[in-house]
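Engineer:
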Amino acid sequence: MASKRRTHHRGPIILRDAQIPNRTADAALLAPAVDNDWLHQDPWRVMRIQSEFVEGFGALAELGPAISIFGSARTKPEDATYTMAESIAGSLVNEGFSIITGGGPGIMAAANKGAREAGGTSVGLGIELPHEDGINEYVNLGMTFRYFFVRKTMFVKYSLGFVVMPGGFGTLDELFEALTLVQTKKVFSFPIVLVGKEYWSGLIEWIRASAAQSHMINMSDLDYLTLVDTPEDAVEAVTNGIHRLANARRAEENAQLRGDI
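Just so you know, the numbering used here puts 571 at position 223 of the sequence shown, and the rest follows in order with no gaps.
(1) Tell me the rounded alpha-carbon separation between Ala421 and Gln561.
(2) To which residues does DSSP link Leu348 through a beta bridge?
(3) Our contact map puts Ser446 next to Gly468 with C-beta atoms below 8 angstroms; I'd like the distance itself, whole angstroms only.
(4) If you draw a straight line from the C-alpha of Glu485 to the C-alpha of Ala457, how long is it?
(5) Would you kindly work out how many angstroms separate the C-alpha atoms of Trp554 and Asn566, rounded to a whole number?
(6) Starting from the C-beta of Gly490, find all residues in its chain whose C-beta is less than 8 angstroms away, skip the five residues before and the five after it, and write them out in chain order.
(7) Tell me the rounded alpha-carbon separation between Val576 and Lys500.
(8) Pull the bridge partners of Met395 from the DSSP assignment, please.
(9) I'd like to know if the segment 573 to 587 and the segment 541 to 553 are in contact, where contact means that at least 3 CB-CB pairs between them fall below 8 angstroms.
(10) Please name the residue in Ala557, Val498, Leu508, Asp427 whose C-alpha comes closest to that of Val402.
(11) Per the DSSP calculation, Ile417 is bridged to which residue(s)?
(12) Counting only the same chain and skipping the five closest in sequence on each side, list residues whose C-beta sits under 7 angstroms from that of Arg464.
(13) What did DSSP end up calling Thr429 once you bin it into helix, strand or coil?
(14) Taking buried to mean at least 16 other C-beta atoms within 10 Å of its own C-beta, is Ser507 buried or exposed?
(15) Would you list the residues sitting across from Phe493 in a DSSP beta bridge?
(16) My guess is that Ala433 and Gly462 are in contact by the Cβ rule of under 8 angstroms, so how many angstroms apart are they, rounded?
(17) If contacts are defined as beta-carbon pairs under 8 angstroms, then Leu529 and Val535 qualify, I think. What distance do you get, rounded to the angstrom?
(18) Report yes if the C-beta distance between Gly589 and Met513 is below 8 angstroms; otherwise report no.
(19) Which residue's Cα is closest to the Cα of Met395: Leu408, Arg494, Thr431, Asn460?
(20) Measuring straight from C-alpha to C-alpha, what distance separates Ile436 and Ala459?
(21) Sort Asp365, Val504, Ala366, Gly550 by Cα distance to Gly404 and report the nearest one.
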């Protein structure tokens with residue numbers, strides 16, 4: 349009869365055979381450190397990731413209703429889209445919203461400037477990058493993250509809508525992250541407004557003619573996007589979208605209470 353195999357439990361992890369450690373977790377913890385390699389190992393990174401989530405949630409928990417504005421860090425103050433971002437942010441503050449951006453230069457600085465000058469809360473969620481100088485001067489509530497995915501969680505968790513100005517890969521990443529979460533119903537739908545018809549229409553047409561026609565997405569998925577050209581239309585699209593979706597959510601909740609769905 350085969351001998352019974354030794355089994356070692358480490359929390360939810362089961363170890364057998366050569367995987368069984370030679371010393372206990374307490375012994376490993378109390379052993380004198382011979383180098384600092386552990387600072388760069390994945391278990392320690394998990395602790396840093398956890399601390400970023402805790403700090404982010406703590407900083408933004410009492411923010412109130414907010415709108416995220418995305419766009420290029422390369423946009424110059426003399427660019428018309430910079431002025432548009434300022435105007436949109438200021439108008440949204442006047443509608444009772446805080447403004448969240450990536451905290452960097454370009455469109456982010458423009459939106460933070462518009463929010464601050466309108467007397468609102470101007471949030472900048474920065475990211476450690478070699479080519480950026482940190483949080484811009486217009487932020488009055490800021491935090492810098494090591495990890496993109498933690499930072500993106502903060503945008504989604506604390507924003508009721510997204511305004512997307514012209515931008516590059518980072519802006520596209522944030523746009524499609526939001527679209528994917530709405531499409532897969534990982535979040536309750538929120539308005540996503542693209543500002544600049546000339547800039548965005550080529551992308552929209554490609555999605556319609558290629559992705560949708562190839563049945564990679566449903567044609568109705570394009571309804572998640574609203575394309576506008578002016579600051580006034582952007583603010584109207586966001587605010588109307590928030591009210592419409594809030595009413596739809598209340599109707600769904602009432603239907604669930606009645607047992608209709």
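For glycine and all other residues, C-beta sits at the position ideal for the given N, C-alpha and C.
Structural biologist: Here's the rundown:
(1) 33 angstroms
(2) With the chain running from 349 to 609 in the structure shown, residue 348 is simply not present.
(3) 6 angstroms
(4) 8 angstroms
(5) 14 angstroms
(6) Gly451, Val471, Gly472, Leu473, Gly474, Ile483
(7) 24 angstroms
(8) Paired residue(s): none; Met395 is not in a bridge.
(9) yes
(10) Val498
(11) Val511
(12) Ser470, Tyr486, Asn488
(13) helix
(14) buried
(15) Ile475
(16) 7 angstroms
(17) 5 angstroms
(18) no
(19) Arg494
(20) 7 angstroms
(21) Val504
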